[in-house]
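In the numbering used here, the protein residues as written are 1210 to 1434. Even glycine gets a Cβ: it sits at the ideal position worked out from N, Cα and C. Model, not experiment: these values are computed from the prediction. First comes the structure, then the notes that go with it.
Given below as structure tokens:
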């Protein structure tokens, strides 16, 4: 790969850097920062601004994320010298959320009353819709969900339910790869650049080569040294 511009990828809700283990082996410029604790009643946009300040490489870079990480990446665009944004099993706006999440969003004013069991369930949907659980990616996701921080999960769910979407500059291109059988964020509600046949929600783990190729090809097209 001829570019060394930093690539920052954010994991999904309840996940960590292990979701991009295969991509880290193939793309040496990839960084997967750990989530920072949210502030009380913090919006997704404000969280993204604070997070961007901490991980900003101070040079042209690429930003992206899986699922929830993609929402945060979109909100980071005004705060980084980003050349492009990559959505991996994520969507561009709340308008592309499925009906189940849209219903919860209508109750967003009561988000503080949403029980943690629901927050935990929302994150676990990513696991159960990721394709066959027999194999290393299923085991790894189970481990990550069992180790995830309850307070962070609760905040993340509430922030998503109240997220109005981002007004990111159209000058920064956004590229999207999506699983054909994603049940959390259904393919029928979004228009990705690349569809991975047979893939579910956690496609960076279940179909790592497809995601690596997607990232590598688009980054190389910018020709950054």
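Top-ranked residue by Cα proximity to residue i, from the options
{"i": "residue 1268", "options": "1259, 1262, 1291", "result": "1291"}
{"i": "residue 1371", "options": "1231, 1380, 1254", "result": "1254"}
{"i": "residue 1265", "options": "1278, 1252, 1285, 1275", "result": "1285"}
{"i": "residue 1403", "options": "1389, 1411, 1394, 1393", "result": "1389"}
{"i": "residue 1270", "options": "1215, 1287, 1394", "result": "1215"}
{"i": "residue 1308", "options": "1395, 1239, 1230, 1363", "result": "1395"}
{"i": "residue 1225", "options": "1231, 1243, 1237", "result": "1243"}
{"i": "residue 1410", "options": "1386, 1363, 1373, 1241", "result": "1386"}
{"i": "residue 1279", "options": "1247, 1233, 1241", "result": "1241"}
{"i": "residue 1365", "options": "1296, 1281, 1289", "result": "1281"}
{"i": "residue 1272", "options": "1239, 1259, 1302", "result": "1239"}
{"i": "residue 1275", "options": "1227, 1382, 1237, 1235", "result": "1227"}
{"i": "residue 1213", "options": "1230, 1382, 1237", "result": "1237"}
Neighbour-count burial assignment, residue i, 16 or more Cβ in a 10 Å radius
{"i": "residue 1263", "result": "exposed"}
{"i": "residue 1430", "result": "exposed"}
{"i": "residue 1359", "result": "exposed"}
{"i": "residue 1426", "result": "exposed"}
{"i": "residue 1376", "result": "exposed"}
{"i": "residue 1406", "result": "exposed"}
{"i": "residue 1418", "result": "exposed"}
{"i": "residue 1424", "result": "buried"}
{"i": "residue 1301", "result": "buried"}
Residue i versus residue j: straight-line alpha-carbon distance, rounded
{"i": "residue 1316", "j": "residue 1367", "result": "10 Å"}
{"i": "residue 1422", "j": "residue 1223", "result": "25 Å"}
{"i": "residue 1306", "j": "residue 1249", "result": "25 Å"}
{"i": "residue 1293", "j": "residue 1218", "result": "12 Å"}
{"i": "residue 1420", "j": "residue 1251", "result": "31 Å"}
{"i": "residue 1415", "j": "residue 1287", "result": "31 Å"}
{"i": "residue 1257", "j": "residue 1311", "result": "22 Å"}
{"i": "residue 1400", "j": "residue 1261", "result": "27 Å"}
{"i": "residue 1335", "j": "residue 1380", "result": "For residue 1335, the pLDDT reaches just 48, beneath the cut-off of 50, and the residue's location in the model is therefore unreliable, although a value from the coordinates is still provided. Using only the alpha carbons, I get a separation of about 31 Å."}
{"i": "residue 1299", "j": "residue 1221", "result": "9 Å"}
{"i": "residue 1246", "j": "residue 1369", "result": "16 Å"}
{"i": "residue 1295", "j": "residue 1277", "result": "12 Å"}
{"i": "residue 1297", "j": "residue 1283", "result": "12 Å"}
{"i": "residue 1232", "j": "residue 1412", "result": "12 Å"}
{"i": "residue 1313", "j": "residue 1363", "result": "14 Å"}
{"i": "residue 1391", "j": "residue 1408", "result": "7 Å"}
{"i": "residue 1353", "j": "residue 1235", "result": "Here residue 1353 scores only 49 on pLDDT, less than 50, and its place in the model should not be relied on; the value that follows carries that caveat. The straight-line gap from Cα to Cα measures roughly 22 Å."}
{"i": "residue 1510", "j": "residue 1373", "result": "Outside the displayed range of the chain (1210 to 1434) lies residue 1510, so it cannot be described from this structure."}
{"i": "residue 1428", "j": "residue 1393", "result": "27 Å"}
{"i": "residue 1229", "j": "residue 1432", "result": "23 Å"}
{"i": "residue 1397", "j": "residue 1259", "result": "33 Å"}
{"i": "residue 1382", "j": "residue 1289", "result": "14 Å"}
DSSP beta-bridge partners of residue i
{"i": "residue 1385", "result": "1296"}
{"i": "residue 1272", "result": "1217, 1294"}
{"i": "residue 1239", "result": "1216"}
{"i": "residue 1281", "result": "Note: residue 1281 sits in no beta bridge, so no partner."}
{"i": "residue 1369", "result": "None; residue 1369 has no bridge partner."}
{"i": "residue 1403", "result": "1386"}
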